[in-house]
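Residue numbers (the UniProt record's numbering): 1 to 280.
The block underneath contains the structure these notes are about, expressed in structure tokens.
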């Protein structure tokens, strides 16, 4: 019998949940900003048609976006608004992937450089970023710094069948990007690291690995990840990851059993599972 706990309450019902979006404390309004690729703007490829009364509002919004995109041509005007958004790795295989600044951040997860305008997120064109003349790693680091500057995620500790599982959540579109500096959310004595789920843009699921509970956590987290992998919440990954010292390793799940497909020679088996079984 599952006992009442914050994780279960947050997942299932209550004022902090709406279609899979956790508004964790009620103090932050849901992030409803749209995502805009420059090529989506009318006239980005062909001349813009003459506006009609029915399209004047759209045309005005396009004009604002075009003006903002023009301003991004100067790095000193852009750097304070740059951020990293996480997406499924399928983004790396899109036909237009080379037009944007994308990186693989882990197996199954891609990072996209965007400019947060407050009312919309614009994917930064790769040709624009190249024109800044700033090293790509420096741009990426600045964008991550801007995500970190938004503030910490709400940490919602919980237990599933007695096993500690926590949500790190926010209404921000960039909550999942905190995976890239998860050390900010880890205690100093967590030598084995953590199991992490990245089901959608608004949250991370975490189990700090300390002992044999990790075996139960693997099974339970696969179910929790599926609970939060919601189509209208910016789904990212149904996979389970091992985080340790900034390294992110995908662990292959067998969805029939919700267990791991793991060879004995793999680092997670030898450096974590074998050691917790031995009590070391």
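By construction, the Cβ of each residue, glycine as well, lies at the ideal position given by its N, Cα and C atoms.
Alpha helix (DSSP H) containing residue i: first to last residue?
i, result
"residue 123", "Element bounds for residue 123: not the alpha helix (DSSP H) but the beta strand (DSSP E), 120 to 123."
"residue 276", "274 to 278"
"residue 116", "No alpha helix (DSSP H) holds residue 116; the beta strand (DSSP E) holding it covers 109 to 116."
"residue 144", "136 to 149"
"residue 219", "213 to 228"
"residue 130", "126 to 131"
"residue 78", "75 to 78"
State the start and end residues of the unbroken beta strand (DSSP E) segment that holds residue i.
i, result
"residue 241", "240 to 244"
"residue 194", "194 to 200"
"residue 206", "203 to 208"
"residue 82", "82 to 88"
Helix, strand or coil for residue i? Go by DSSP, reduced to three states.
i, result
"residue 163", "strand"
"residue 270", "helix"
"residue 28", "Any reading at residue 28 needs caution, since the residue's pLDDT is 32, under 50, leaving its predicted position unreliable; the model's value is listed next. Correct three-state label for residue 28: coil."
"residue 256", "coil"
"residue 233", "helix"
"residue 262", "coil"
"residue 247", "strand"
"residue 101", "coil"
"residue 21", "Because residue 21 carries a pLDDT of 40, less than 50, the predicted location of this residue cannot be relied on, and no value is offered for it."
"residue 40", "Its pLDDT being 45, under 50, residue 40 is placed unreliably by the model, and nothing is read from it."
"residue 182", "helix"
"residue 153", "coil"
"residue 45", "Reliability fails at residue 45, whose pLDDT of 33 lies under 50, so the model's placement of it is uncertain and the value that follows must be treated cautiously. In the structure shown, residue 45 sits in coil (DSSP, three-state: anything other than H, G, I, E or B)."
"residue 175", "helix"
"residue 72", "coil"
"residue 63", "helix"
Mind checking whether residue i and residue j have CB atoms under 7 Å apart?
i, j, result
"residue 250", "residue 111", "no"
"residue 268", "residue 242", "yes"
"residue 193", "residue 244", "yes"
"residue 182", "residue 218", "no"
"residue 86", "residue 236", "yes"
"residue 205", "residue 221", "yes"
"residue 165", "residue 156", "no"
Excluding the 5 residues flanking residue i on each side, which residues of the same chain have their C-beta closer than 7 Å to its C-beta?
i, result
"residue 92", "102, 104 and 110"
For residue i, which residues of its own chain have a beta-carbon under 8 Å away from its beta-carbon, when the five flanking residues on both sides are left out?
i, result
"residue 272", "192, 193, 209, 214 and 242"
"residue 226", "199 and 238"
"residue 100", "37, 112, 113, 123, 124, 125 and 126"
Apart from the five residues on each side of it in sequence, which residues of its chain come closer than 6 Å, Cβ to Cβ, to residue i?
i, result
"residue 262", "269"
"residue 248", "106 and 241"
* Asked: Three or more C-beta pairs closer than 8 Å, one from the stretch 70 to 84 and one from the stretch 127 to 144: is that the case here?
  -> The answer is yes - the stretch 127 to 144 touches the stretch 70 to 84, with three or more Cβ pairs under 8 Å.
* Counting Cβ pairs, one atom from each stretch, are 3 or more of them under 8 Å apart for the stretch 195 to 203 and the stretch 168 to 183? -> Segments in contact, yes.
* Is the stretch 67 to 74 touching the stretch 116 to 130 in the sense that three or more CB pairs, one from each, lie closer than 8 Å? -> Taking 8 Å as the limit for Cβ pairs, the verdict is that the stretch 67 to 74 does touch the stretch 116 to 130.
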